[in-house]
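Step one of this worksheet: look at the structure below.
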Amino acid sequence: MTSVARRSGPARHAGAQASPGASPGTRPAAVPRPDPSRRPQPRTAPVRRGPGLARVSERGLLTVIIAGAIAVLGLWWHSTPGVHGLGGWLTGAGQVLGLFCGYGVVILVALMARLPPLERGLGTDRLARWHAMGGRYVVSLVVAHALLIVWGYAVTAHANVLSESATLLTQYPDVLMATVAGFLLLGIGIVSMRAARRRLRYETWYFLHFYTYLAIALAFSHQLADGAAFVTDLAARFWWSAMYLTVLVLVLWYRVAMPLRAFRRHRFEVLGVKEEAPGVISVYIGGKRLDELDAEPGQFFRWRFLTRSLWWSSHPFSLSAAPGADMMRITVKNLGDHSQALARLQPGTRIFAEGPYGALTAGDSDRGVVLLAGGVGITPLRAIFATLPGHVTLIYRASSERDIVFRDELDAIAAARGATVHYLVGSRAEIGGDPLSPRMLRSLVPGLDEQDAYVCGPPGMTSAAVAALRAAGVPRRRIHFESFEF
Amino acid sequence: MRRVILAVTGTIAGLVALLSFKSHVPSSPVAATAGGPGSGSSSASSPSSASTSPPRGGGQTEAVPGAFPQGSLAGTLPAGETAVNGKVASTSYGPVQIQLIERSGKIVKVAVLVQPLNTLNDIQIGKFAFPKLISETLTAQDAKIDAVSGATYTSAGYVQSLQSALDKQH
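If you're matching them up, the sequences are chains A and B in order.
Sequential numbering of the first sequence, starting at 61, is according to the working numbering.
Sequential numbering of the second sequence, starting at 130, is according to the working numbering.
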């Protein structure tokens, strides 16, 4: 999973935009504004990546993280005179792991700080995976750190583990707070595990995650007060604090200040809601100067609809058409309480939107492109279908005719730009074989192995499609995908 | 699963490698005596360069739990007893300096003038190490005593400071 571009955030369902791209006739009657004379023209002109937008590559990010980790090791090395005896070994290991924990939580928060170069370069979905993987690792390190320090100190002080634990908790500065923090992190780690996640509502899980900020704050002071690397080293204390402060500022800036500024500047609001297919709705969103957001087709926003029942949670939905200057569209499948409530949104409802995020955007090449959509995964692909440069083939997998969203729009775009659309509808038997087999893909798309591929759909479909594309000879770095997993 | 095993074994292997490098580092845990020649019998001065925490002497020593004399006893001695300060031995954890109390050429007490107090762990180590070192000293009446396990550096600093006091005494 190295250079495969993909993204997704929590429960992304769909999205769209202001110029319902290809066919002006698809604007729902329920949408009161803007008046038809202002309706944007169908947009099929190629949209390339904004040249001025910074993107961090996976390798670049990894290099920075590893360099930081080496610096942390250097800090330990510099502050440790030597390791002697069992107590020394245990304490030393505990110190190294403790430093890694303190560094790791900063990295984990930074990955989720919505930094635009990371969002555009790696994609929200891969950042979330790194965060989840790293989170499990850091929580394990926290537990190991606590156990090793207690054990190591007990051996050194010739005390038993229980009384040493009591000593640590009651006599060492801020260790009690740090212990609370450790249990918080452990609890959050447990509820984030896949098995537990399935039994929790998304919102519950999301809010529990905010306790990590509390945990990090509680754990911070014991690092400086008890950490052998910091007690006598003012410079180390300074740089360590600077690291925490930097990430705090980034989080506040990109997760709070920028969205507030966008809210004031762009004045997002609901224009209307339209049912696209059973259980699939589009929400038309108006606003001012939306072109200044630099949103690209294929990206998404986190939307917080300011109604009595919805204001407290934000959800990621892709734009389902290229964004216009005064309107965007998202398309959502009914998957939870939240998306059901969206169907009842009234025109004029204000929206707090964070974004744009996501790396499933047009590449730089003029090679042919194949888009593979599964179910409501069509939404971001619908947006880039109209705007990708080069020859485009869209393959749209749906379980029944009724579930096909945007059929009129897709056909109109295909006609306007001379693109090809294949609808693969129904069971395997009805289609006449595995719709996502390498052979089927090759027969549908001549010259497939020379093309870029974009995949979006449910997790099972996405991984099957990516595997089939690889088997059909498409290089990994040319497969861009996004999954709907958290 | 493979990733989990990789992460666990990688972390443990890395830790063991890192720590084993450090465990080979110093052959002599105590740097050559820092600080000038220990002064006469009543002064508890220690050079500021040797110390990262303010050296403590005399009655200003803050209370550190532990059953051994801390701070100079020079002002409280009965007639016939004299105090001799050792040099400040600087260890990686901080400076160590002791004071001998002798009567008729015999060591009767040892006080700790300076000890590493940077972390509570240092204090804890001092709490169990110094009483042992002192009682060994009183038994042996010289500086040929064993290091206390778990307090290698502190023991070495203690012995070095003790030796310098004995040298001065004779």
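Backbone N, C-alpha and C define an ideal beta-carbon position, used for all residues, glycine too.
Rounded to the nearest angstrom, how far is the Cβ of residue i from that of residue j, given a contact under 8 Å?
i                      : j                      : result
residue 492 of chain A : residue 457 of chain A : Between residue 457 of chain A and residue 492 of chain A the Cβ distance is about 14 Å, and since that is not below 8 Å, they are no contact.
residue 304 of chain A : residue 166 of chain A : 6 Å
residue 274 of chain A : residue 244 of chain A : 7 Å
residue 187 of chain A : residue 168 of chain A : At roughly 10 Å, the Cβ-Cβ gap does not stay under 8 Å, so residue 187 of chain A and residue 168 of chain A are not in contact.
residue 376 of chain A : residue 360 of chain A : 5 Å
residue 341 of chain A : residue 443 of chain A : Wrong, their Cβ atoms sit about 16 Å apart, outside the cutoff.
residue 132 of chain A : residue 178 of chain A : Going by Cβ atoms, the distance from residue 132 of chain A to residue 178 of chain A rounds to 21 Å, so no, they are not a contact pair.
residue 441 of chain A : residue 314 of chain A : Wrong, their Cβ atoms sit about 27 Å apart, outside the cutoff.
Among the candidates the options, whose CA atom is the shortest distance from the CA of residue i?
i                      : options                       : result
residue 265 of chain A : A:274, A:275 and A:253        : A:253
residue 118 of chain A : A:142, A:184 and A:151        : A:184
residue 371 of chain A : A:351, A:342, A:357 and A:410 : A:410
residue 532 of chain A : A:541, A:510 and A:251        : A:510
residue 323 of chain A : A:172, A:352 and A:338        : A:352
residue 152 of chain A : A:359, A:320, A:205 and A:354 : A:205
residue 214 of chain B : B:239, B:139, B:284 and B:151 : B:239
residue 479 of chain A : A:489, A:428 and A:487        : A:428
residue 224 of chain A : A:233, A:214 and A:311        : A:214
residue 455 of chain A : A:120, A:187 and A:522        : A:522
residue 462 of chain A : A:356, A:339, A:387 and A:343 : A:339
residue 137 of chain A : B:152, B:232 and B:258        : B:152
residue 431 of chain A : A:484, A:189 and A:233        : A:484
residue 132 of chain B : A:127, A:196, A:134 and A:173 : A:196
residue 149 of chain B : A:145, A:128, A:382 and A:122 : A:145
residue 264 of chain B : B:135, B:198, B:136 and B:289 : B:198
residue 216 of chain B : B:298, B:136 and B:291        : B:291
residue 481 of chain A : A:227, A:386, A:542 and A:445 : A:445
residue 207 of chain A : A:158, A:344 and A:262        : A:158
residue 470 of chain A : A:486, A:460 and A:453        : A:453
residue 114 of chain A : A:123, A:488, A:182 and A:541 : A:182
With C-beta atoms as the reference, is residue i less than 7 Å away from residue j?
i                      : j                      : result
residue 426 of chain A : residue 450 of chain A : yes
residue 228 of chain B : residue 212 of chain B : yes
residue 277 of chain B : residue 261 of chain B : yes
residue 272 of chain B : residue 295 of chain B : yes
residue 221 of chain B : residue 535 of chain A : no
residue 528 of chain A : residue 498 of chain A : yes
residue 143 of chain A : residue 149 of chain A : yes
residue 358 of chain A : residue 439 of chain A : no
residue 465 of chain A : residue 335 of chain A : no
residue 238 of chain A : residue 277 of chain A : no
residue 362 of chain A : residue 374 of chain A : yes
residue 218 of chain B : residue 286 of chain B : yes
residue 268 of chain A : residue 248 of chain A : yes
residue 242 of chain A : residue 154 of chain A : no
residue 247 of chain B : residue 198 of chain A : no
residue 279 of chain B : residue 147 of chain A : yes
residue 286 of chain A : residue 232 of chain A : yes
residue 240 of chain A : residue 282 of chain A : no
residue 189 of chain A : residue 419 of chain A : no
residue 203 of chain A : residue 221 of chain A : no
residue 354 of chain A : residue 423 of chain A : no
residue 333 of chain A : residue 284 of chain A : no
residue 289 of chain A : residue 135 of chain A : yes
For residue i, count the other beta carbons within 10 Å of its own beta carbon; 16 or more makes it buried, fewer makes it exposed. Which is it?
i                      : result
residue 298 of chain A : exposed
residue 164 of chain B : Because residue 164 of chain B sits at a pLDDT of 38, beneath the cut-off of 50, its placement in the model cannot be relied upon, and the following sentence gives the value as read from the coordinates. Residue 164 of chain B comes out buried.
residue 141 of chain B : exposed
residue 293 of chain B : buried
residue 130 of chain A : exposed
residue 347 of chain A : buried
residue 259 of chain A : exposed
residue 236 of chain B : buried
residue 506 of chain A : exposed
residue 448 of chain A : buried
residue 139 of chain B : exposed
residue 349 of chain A : exposed
residue 244 of chain B : buried
residue 415 of chain A : buried
residue 525 of chain A : buried
residue 134 of chain B : exposed
Report the residue ranges of all alpha helix (DSSP H) runs contained in full by the region 299 to 343 of chain A; include only those spanning at least 4 residues, in chain order.
-> 318 to 326
Inside the region 343 to 419 of chain A only - alpha helix (DSSP H) runs reaching at least 4 residues = 397 to 402
Residue ranges of each alpha helix (DSSP H) run of no fewer than 4 residues wholly in the region 430 to 482 of chain A, ordered along the chain?
-> 438 to 445 and 467 to 477
Which parts of the region 210 to 291 of chain B are runs of the alpha helix (DSSP H), unbroken and 4 residues or longer, counting only runs that do not cross its ends?
-> 249 to 269
What runs of the beta strand (DSSP E), each 3 residues or longer, lie entirely inside the region 471 to 541 of chain A?
-> 480 to 485 and 512 to 517
Any alpha helix (DSSP H) of 4 or more consecutive residues that is wholly inside the region 160 to 228 of chain A | 176 to 181 and 184 to 216
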